[in-house]
Amino acid sequence: MNQRLPNTLSNNMPKTYPTPGGVHPPQNKAQSTSRPIQQASLPAELVLPLSQHAGAPAKAIVAVGDKVLKGQCIAQAKGSISAYIHAPSSGEVTAIEPRAIPHASGMQDNCIVIKTDGEDNWCPLQGCEDFSQLPASELVEQIRLAGITGLGGGGFPTAVKLISSDTQASLNKAIDTLIINGTECEPYITADDLLMRERAQQIISGIQILQHIIKPSTATLIGVENNKPEAIAALEAAIAEANANNITVVSFAGKYPSGGEKQLIQILTGREVPSGGLPADVGIVCQNVGTVAAVHDAIVLGKPLISRITTVTGQACAQPQNFEVLIGSPIAHVLAQAGFDASACQRLIMGGPMMGFTLTDTSVPVIKATNCLLAATEAELPSPPPAQACIRCGMCAEACPASLLPQQLYWYARSKEYEKLEELNLFDCIECGACSYVCPSTIPLVQYYRASKADIREHKAEMHKAEQSKARFEARQQRLEREEQEKAEKRAARQAAAKAKLAAAAQAGGEQELDPVQAAVARAKAKKAAKAAAAETEAGNSTAKPETKPTDEAN
Amino acid sequence: MSLLNVSSPHAHRPLSTATVMQLVLLATLPGIAALSLFFGWGTLLNLAIAIPLALLFEACVLKLRQRPLAFYLGDYSAVVTAVLLAIALPPHSPIWLVAIGIGFAIIIAKHLYGGLGYNPFNPAMVAYVVLLISFPVEMTQWAAPLSLIDSGAIDGHTMATPLDVLKNNNSELVADLFAHNPGFGRWAGLGWEWVNLSFLAGGCFLLYKRVFTWHAPVAMLSSLAFCSLFFYDGGSSASKGSPLFHLLSGATMFGAFFIITDPVTSAVSNRGRLVYGALIGLLLFVIRAWGNYPDALAFAVLLMNFAAPFIDYYTQPRTYGHKAKQPPSKEESH
Ligand code: SF4
Ligand code: SF4
């Protein structure tokens, strides 16, 4: 498969495309890059939220009291978008209960709690010597069973992305470009940088597996910001070593948020993912470098995803650095290893300073998507001053990578004009925070957008519900009318039959005439029946009284 | 340890609205200095009346609207309005004129519309137009350049501005005007050219500081230059003045960098600001050349303030992923 591409020399840098907007916040990456990745120690207790990925929560398949081995599956994916979860170390399941989980809302959710036994005993692993012998579907299944989710922060199940690109390819147009995201544009975070520096071979091997699955017809590009020369050099060395000439490292001048999936696709290919669509719609699959390394571990070594690289940084940490952390480690345990000073920390962020969310509880665990723990002091990230009036300076619009008009969105978000918001494409906002970052009036713009999106979604759901019940009501109405009509027809038929009978009898009785009294009674009866039928229909039309509720509501 | 619970982003660029306003104030200094140097301390006097009055009015209205005083006064927007109006008014304007203007700008044009950010019209320009219509005599007497008064080249302390002279001229060649009329300097009006260059310098400083983008000013100046080139007529007696004359006359540079860049009342997108600026330049020229007022910045700006929402509607930038123009991907080309 190496022959599919003309040999691209690494010094012959492929073209990149300009993108709108973007900001240049201080990088603050040097703090955590001076030390190599360190293994974080084994915590006494691991807490594994059943919902730590995008999609449906996983379903626990162990019970309290069960002994588990490292790497053993403890929860299964439930539904089409979900992910498997594995025991990150050996020990005993001590609880399956709601615990505080890392989430912007600070909520609790079901977690499997494992008391580690300190042995760190692996379950038997089955790696694969030569993945190229396996069919793509088999590899995707193994990736699914390994519980791999997007490690860049999104947490979307990787296998789902690969399957959908698979079906996409057969349905629509083939994937021509595989993009590996090593951009890591958010300040402070260096997890991917260190991973690329130290484990470039793993990454390249993982990429080759994905190439085998996806078969990109044109190119495989690794996008890296040019502020990571060591990472770029390491990747290029690994490419040369693996003789993987069809993989190209593309570096470009950094700005935030060039690492957003949509932005990176635009930078590397000039294509835009259609609004509401997927990268596959424009022939692209995009994966993060960390995810790719996990794919290598899963396929080649047979190891499920039980650990990840997390940057622990901020001025409240004496030794900021990157750790390889077991998923489920309480963050207090991880922070302690970086010399965390709780009294100095004023804001604790999971993720980076642009898109991360604050934590108020250090007992929450590291999850698959935790790329950074930022323990910041007040001096480092000062408390936001009160928002001032929007002076419509347009700095936000200039910063927006999606070419939205944040000041207009803000205006309509405040007045809750949802239609206007949709006209201004609120749902194309990637919540990158570039607009809030530059706003001289320190308006928390993104907060308004999130709230408005939630409101609109809710509103839509309600509308949908209302529409459904309206449709149900109308269907029922039609059925009632139909039944009524049938009844009336039957009645008419019956009457006609009676009349015919009567007429026949009269005829049979010779000269005997039709009794006029009897005829009048019959007429009155018919009238009354018709009236009653009309009244019934009307009642059905004007109300949906419970007593008239038919049993087959479901249609 | 009490951990903050706030939403992203957590980092913020250290450029506040108050800083923006301070930079704008700072950038007006060269222009104010040039005005004082060539036309005397009348503008400084205007400023000395306007600024305290503006703060006073602002404070009163805030009090009435029950808003925190220090917080809103601290955004400097009232001071900026005062400074812009004081610069636009003729030097040595009577106190009552300044007071009425400031009152109108702050109370009516700004707060009656809901305060900073909600006002559809530029407060300083609204006040200017109200004064010009109500008190045309006071408003059209511009101080004569100091040098002419000192040398006794003219009588009195005011004289027609070069824009006036050119508009009313129908017998002399432009070159002769420059040669004979004491009010003309090297490229435009005596003194005016330096005032404009000073405002240009201040504007460049603000561009450098990224307080606003280049779109509106460049569009306005280009369209003004283009229009005047079209009607220059080789400097005949029917000439409407050279591009350079227009660029360096009256309120051109002040308007381009300090008035039409007022974000609140202009178009919002960059493309919109190009249109907005270009139309102001066009209107400015049309009114200068054929209108009843010698300089027309305020009218041009107010008209376009009015049109800004329409410009916005038609210049909404194309959002990512919408009607995307895609470069042909490889498999489509074979
Ligand atoms: S950056 Fe802030 S003040 Fe400026 S237009 Fe945007 S929201 Fe308004
Ligand atoms: S948060 Fe949304 S509106 Fe703001 S810059 Fe990012 S994409 Fe644009």
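For the protein sequence lines, the chains are A and B, in the order given. One rule links them: number in the numbering used here = place in the first sequence (from 1) + 11. One rule links them: number in the numbering used here = place in the second sequence (from 1) + 1432. Every residue, glycine too, gets a C-beta built ideally from N, C-alpha and C.
What's the gap between the Cα of residue i and the Cα of residue j?
| i | j | result |
| --- | --- | --- |
| Gly-287/A | Leu-173/A | 18 Å |
| Arg-483/A | Asp-466/A | 25 Å |
| Phe-1658/B | Leu-1467/B | 27 Å |
| Ala-486/A | Ile-402/A | 53 Å |
| Lys-481/A | Leu-1487/B | 59 Å |
| Leu-312/A | Ala-157/A | 11 Å |
| Asp-1694/B | Pro-1594/B | 27 Å |
| Arg-358/A | Ile-96/A | 30 Å |
| Ala-1450/B | Ser-1440/B | 23 Å |
| Tyr-199/A | Cys-383/A | 8 Å |
| Ala-264/A | Gly-163/A | 20 Å |
| Ala-211/A | Thr-381/A | 21 Å |
| Ala-1465/B | Ile-276/A | 52 Å |
| Glu-56/A | Leu-437/A | 42 Å |
| Met-12/A | Ala-244/A | Reliability of the predicted coordinates at Met-12/A is poor, the pLDDT of 39 falling under 50, and the value obtained from them is presented with this limitation in mind. Answer to the nearest angstrom: the Cα atoms are 24 Å apart. |
| Tyr-28/A | Ile-190/A | 15 Å |
| Cys-443/A | Gly-1474/B | 50 Å |
| Thr-259/A | Thr-169/A | 22 Å |
| Leu-1629/B | Ser-1681/B | 10 Å |
| Ser-91/A | Val-171/A | 8 Å |
| Ala-400/A | Ile-454/A | 8 Å |
What distance in whole Å lies between the Cβ atoms of residue j and residue i, which are believed to be in contact at a cut-off of 8 Å?
| i | j | result |
| --- | --- | --- |
| Thr-1747/B | Gly-1713/B | Contact doesn't hold; Cβ gap of about 17 Å is too wide. |
| Thr-1460/B | Val-1515/B | 6 Å |
| Val-323/A | Gln-332/A | 7 Å |
| Thr-105/A | Val-79/A | Not really, about 11 Å apart at Cβ, beyond 8 Å. |
| His-1442/B | Leu-392/A | 5 Å |
| Lys-81/A | Ile-317/A | 7 Å |
| Ile-320/A | Ile-107/A | Incorrect: roughly 28 Å between the Cβ atoms, too far for contact. |
| Leu-1734/B | Met-1557/B | 6 Å |
Going by the DSSP bridge assignment, what does residue i pair with across the sheet?
| i | result |
| --- | --- |
| Thr-321/A | Phe-334/A |
| Pro-376/A | Pro-341/A |
| Asn-121/A | Pro-109/A |
| Cys-297/A | Ile-190/A |
| His-97/A | Cys-84/A |
| Glu-103/A | Lys-78/A and Lys-126/A |
| Ala-386/A | Leu-359/A |
| Phe-351/A | Cys-328/A |
| Val-1530/B | Paired residue(s): none; Val-1530/B is not in a bridge. |
| Leu-370/A | Leu-359/A |
| Ile-258/A | Thr-231/A |
| Thr-160/A | Pro-168/A |
| Ala-71/A | Ala-86/A |
| Ala-267/A | Contrary to the premise, residue 267/A reads as Tyr rather than Ala in this sequence. Bridge partners of Tyr-267/A: Val-34/A. |
| Trp-133/A | Lys-81/A |
| Leu-57/A | Ile-125/A |
| Gln-50/A | Glu-335/A |
So, is residue i buried or exposed, given that buried needs 16 or more other C-beta atoms within 10 angstroms?
| i | result |
| --- | --- |
| Asn-183/A | With a pLDDT of 48 at Asn-183/A, under the threshold of 50, the modelled position of that residue is not reliable, and the figure given next carries that caveat. With fewer than 16 other Cβ atoms within 10 Å, it is exposed. |
| Phe-1742/B | exposed |
| Gly-129/A | exposed |
| Lys-512/A | exposed |
| Thr-554/A | Confidence is the limiting factor: at Thr-554/A the pLDDT is only 41, short of 50, which leaves the residue's position unreliable and the question unanswerable from this model. |
| Trp-1528/B | exposed |
| Glu-241/A | exposed |
| Pro-1522/B | buried |
| Leu-136/A | exposed |
| Leu-1399/B | Here chain B has residues from 1433 to 1766 only, and residue 1399/B is not among them. |
| Arg-468/A | exposed |
| Ala-251/A | exposed |
| Ser-262/A | buried |
| Asp-141/A | exposed |
| Trp-1722/B | exposed |
Sorry if obvious, but does the Cβ on residue i come closer than 6 Å to a heavy atom of ligand 4?
| i | result |
| --- | --- |
| Ser-452/A | Among the ligands present in this structure, namely ligand 1 and ligand 2, ligand 4 is not found. |
Any 3 or more C-beta pairs closer than 8 Å across the region 130 to 147 of chain A and the region 365 to 373 of chain A: Touching, no, given that fewer than three Cβ pairs across the two stretches are closer than 8 Å.
Three-pair Cβ contact test at 8 Å for the region 66 to 73 of chain A versus the region 298 to 305 of chain A: At 8 Å Cβ cutoff, the stretches do not touch.
Inter-stretch contact at 8 Å, needing at least 3 Cβ pairs: the region 1477 to 1495 of chain B / the region 386 to 404 of chain A: These segments do not touch.
At least 3 beta-carbon pairs within less than 8 Å: the region 1535 to 1553 of chain B vs the region 1565 to 1577 of chain B: Short answer: they don't touch.
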